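Protein chains in written order, with this note's numbering: chain H, 2 to 141; chain Y, 2 to 141; chain W, 2 to 141.
So the structure is just underneath, and the comments pick up after that.
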Amino acid sequence: MPQTIISLSTRGAGLYEFTHEAEAFVHKSGLEEGLLTVFVRHTSCSLLIQENADPDVRRDLDQFFKRLVPPSTDPSMRWIIHTAEGPDDMPAHIKAALTQVSIGIPLSGGRLMLGTWQGLYLFEHRDRQHRREIVLHLGR
Amino acid sequence: MPQTIISLSTRGAGLYEFTHEAEAFVHKSGLEEGLLTVFVRHTSCSLLIQENADPDVRRDLDQFFKRLVPPSTDPSMRWIIHTAEGPDDMPAHIKAALTQVSIGIPLSGGRLMLGTWQGLYLFEHRDRQHRREIVLHLGR
Amino acid sequence: MPQTIISLSTRGAGLYEFTHEAEAFVHKSGLEEGLLTVFVRHTSCSLLIQENADPDVRRDLDQFFKRLVPPSTDPSMRWIIHTAEGPDDMPAHIKAALTQVSIGIPLSGGRLMLGTWQGLYLFEHRDRQHRREIVLHLGR
Numbered sequence: 002m003p004q005t006i007i008s009l010s011t012r013g014a015g016l017y018e019f020t021h022e023a024e025a026f027v028h029k030s031g032l033e034e035g036l037l038t039v040f041v042r043h044t045s046c047s048l049l050i051q052e053n054a055d056p057d058v059r060r061d062l063d064q065f066f067k068r069l070v071p072p073s074t075d076p077s078m079r080w081i082i083h084t085a086e087g088p089d090d091m092p093a094h095i096k097a098a099l100t101q102v103s104i105g106i107p108l109s110g111g112r113l114m115l116g117t118w119q120g121l122y123l124f125e126h127r128d129r130q131h132r133r134e135i136v137l138h139l140g141r
Numbered sequence: 002m003p004q005t006i007i008s009l010s011t012r013g014a015g016l017y018e019f020t021h022e023a024e025a026f027v028h029k030s031g032l033e034e035g036l037l038t039v040f041v042r043h044t045s046c047s048l049l050i051q052e053n054a055d056p057d058v059r060r061d062l063d064q065f066f067k068r069l070v071p072p073s074t075d076p077s078m079r080w081i082i083h084t085a086e087g088p089d090d091m092p093a094h095i096k097a098a099l100t101q102v103s104i105g106i107p108l109s110g111g112r113l114m115l116g117t118w119q120g121l122y123l124f125e126h127r128d129r130q131h132r133r134e135i136v137l138h139l140g141r
Numbered sequence: 002m003p004q005t006i007i008s009l010s011t012r013g014a015g016l017y018e019f020t021h022e023a024e025a026f027v028h029k030s031g032l033e034e035g036l037l038t039v040f041v042r043h044t045s046c047s048l049l050i051q052e053n054a055d056p057d058v059r060r061d062l063d064q065f066f067k068r069l070v071p072p073s074t075d076p077s078m079r080w081i082i083h084t085a086e087g088p089d090d091m092p093a094h095i096k097a098a099l100t101q102v103s104i105g106i107p108l109s110g111g112r113l114m115l116g117t118w119q120g121l122y123l124f125e126h127r128d129r130q131h132r133r134e135i136v137l138h139l140g141r
């Protein structure tokens, strides 16, 4: 079964689209029917399928998660113990837990069965630059 | 590999069960062992496996998400930018991000390996009527 | 396709690791490439891939969810209807809805493609002791 690892460079928290990379991998495989499994190999970023039309949706999503889980320096987050890797680290783990580490997308006629407005995103929760690995696995 | 799209009509926010439709599809396939992947083709509704016994559980679940993510007209949500599609639209995207877009359920002896109290639900987050597409994919 | 059910005993809310059990199952199967699907057969506990290094991460995660969804006896949770099974029951369903019921992890060279810091956990949301069933399914 075809499998690959794609690598994304992130420059701060937010959503990074990789729908095209996933579609290109599916196309190259020549597989008509099957299941694409997307898996992210980290615990401070996650996966999300979201609207690919209005960029404000992504901005609002990022904003919601920042408000729900503020940095550990925020007075409301004083209970956090794991602060050694910076004020955005533990909130990043929490945001990752609230979203998804893997997503399965069925194929039909050689194409991902995404809805019209669905895009595939890496949701970065750390502030600094990171290199993130995503596994794409095509199965039956 | 067998695959189908089921279509559900929703009449406002809440949980809509489709366990029977999924079981019927599995039964019809004749497959004994395998994996059912459920995928929803929208970004303002999502998937959930939850208790199928007491309907109050579904009511409380819906209530929790409404309180965690109120409409964008709510004073606490003034920061939302994406309001063009109505006050329930951006909260719907957020609730979808907090739940799941795909779920994998293994089969054994031709049946979904759901626990005794597990039902399969579409979680609608929009107020108006919608027609929602769910992909069912049976693989190995 | 190989499949098994593993059973975990939990003693109160928190994260219980089962990475080794999953790896042992994959190793025993002899499969080199494929996809492991993990599915939990309950609605008041869930699955999580999280950092396996600093145990404080797990403590903080558990703490966050307890603060976001306090017991139904908490004044802020008076709106909960489903209280018959105890003050930790409905919050457990909510926490399960906010995390994941199934996770797919690709295999390569006979090993799970987990990142260096990723561990596989059952996230127990109930206070009392429970016996929890997790399905492991290896597919192509």
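Think of the CB as a built atom: it goes at the ideal place given N, C-alpha and C, for glycine as much as any other residue.
If you're wondering where the values come from, they're calculated on a predicted model, not measured in any experiment.
Give me the chain H residues within the contact set of residue i, using Cβ-Cβ distance strictly less than 8 Å, ordered along the chain.
| i | result |
| --- | --- |
| A93(Y) | By Cβ distance, chain H contributes nothing, its closest Cβ being about 10 Å from A93(Y), past 8 Å. |
| L123(W) | Under the 8 Å cutoff, chain H gives no residues; its nearest Cβ is about 13 Å from L123(W). |
Identify, in the order they occur along the chain, each residue of the same chain with its Cβ nearer than 8 Å to the Cβ of residue i, setting aside the five sequence neighbours on each side.
| i | result |
| --- | --- |
| E24(H) | R112, L113 |
| T74(H) | P88 |
| V27(H) | L37, L108, G111, R112, L113, L139 |
| Q51(W) | L16, V58, R59, L62, Q119, G120, Y122 |
| E103(W) | In the sequence as displayed, the identity of residue 103(W) is Ser instead of Glu. Excluding sequence neighbours, S103(W) sits near T38, V39, F40, V41, L48. |
| T84(H) | S73, D90, M91 |
| A54(W) | W118 |
| G35(W) | P107, L108, L139, G140, R141 |
| F19(W) | I7, L9, L121, Y122, L123, I135 |
| Q101(H) | S47, L48, L49 |
| Q130(H) | S10, T11, R12, G13 |
Does residue i get closer than 9 Å to chain H when you measure Cβ to Cβ?
| i | result |
| --- | --- |
| E34(W) | yes |
| E52(W) | yes |
| D128(W) | no |
| V70(W) | no |
| D115(W) | The question names Asp, but residue 115(W) in the sequence shown is Leu. So yes, L115(W) belongs to the interface. |
For the beta strand (DSSP E) containing residue i, name the first residue and the last one.
| i | result |
| --- | --- |
| V41(H) | 35-41 |
| S30(W) | Note, S30(W): premise wrong, no beta strand (DSSP E); alpha helix (DSSP H) at 20-30. |
| S47(Y) | 46-52 |
| E125(Y) | 119-125 |
For chain W, find out if any of its Cβ atoms is closer than 9 Å to the Cβ of residue i; answer yes or no.
| i | result |
| --- | --- |
| L62(Y) | yes |
| T44(H) | yes |
| R141(H) | yes |
List, in order along the chain, the chain W residues whose C-beta lies closer than 7 Å to that of residue i?
| i | result |
| --- | --- |
| P107(Y) | Q4, T38, F40, V136, H138 |
Can you pull the DSSP bridge partners for residue i?
| i | result |
| --- | --- |
| P107(W) | L36(W) |
| H131(H) | T11(H) |
| R112(W) | S109(W) |
| V136(H) | I6(H), F40(H) |
Output yes if chain Y places a C-beta closer than 9 Å to the C-beta of residue i; else output no.
| i | result |
| --- | --- |
| L99(W) | yes |
| F19(H) | no |
| V58(H) | yes |
| H131(W) | no |
| S103(W) | yes |
Which residues in chain H sit within 7 Å of residue i, going by Cβ to Cβ distance?
| i | result |
| --- | --- |
| Q119(W) | R42, T44 |
Go through its chain and collect everything with a Cβ distance to residue i's Cβ below 6 Å, but skip five positions before and after it.
| i | result |
| --- | --- |
| R59(Y) | L16 |
| M78(W) | P71 |
| R42(Y) | E134 |
| Q4(H) | H138 |
| G13(W) | D128 |
| V136(Y) | I6, F40 |
| L32(H) | L139 |
| G105(Y) | L36, T38 |
Can you give me the Cβ contacts of residue i inside the same chain, cut-off strictly under 7 Å, excluding the 5 residues immediately before and after it?
| i | result |
| --- | --- |
| I81(W) | S73, M91 |
| F66(W) | K96 |
| T44(H) | H94, A97 |
| R132(Y) | S8, S10 |
| E86(W) | none |
Kindly list, in the order they appear in chain Y, the residues whose Cβ is closer than 7 Å to that of residue i.
| i | result |
| --- | --- |
| V27(W) | By Cβ distance, chain Y contributes nothing, its closest Cβ being about 15 Å from V27(W), past 7 Å. |
For residue i, go through chain W and note every residue whose CB falls closer than 9 Å to its CB, in chain order.
| i | result |
| --- | --- |
| I7(H) | Within chain W, no residue comes near I7(H); the closest Cβ sits about 13 Å away, beyond 9 Å. |
By the criterion of Cβ-Cβ separation under 8 Å, what are the contact partners of residue i in chain Y?
| i | result |
| --- | --- |
| D55(H) | H83, A85 |
Start and end of the alpha helix (DSSP H) containing residue i?
| i | result |
| --- | --- |
| Q64(Y) | 56-69 |
| I95(Y) | 90-99 |
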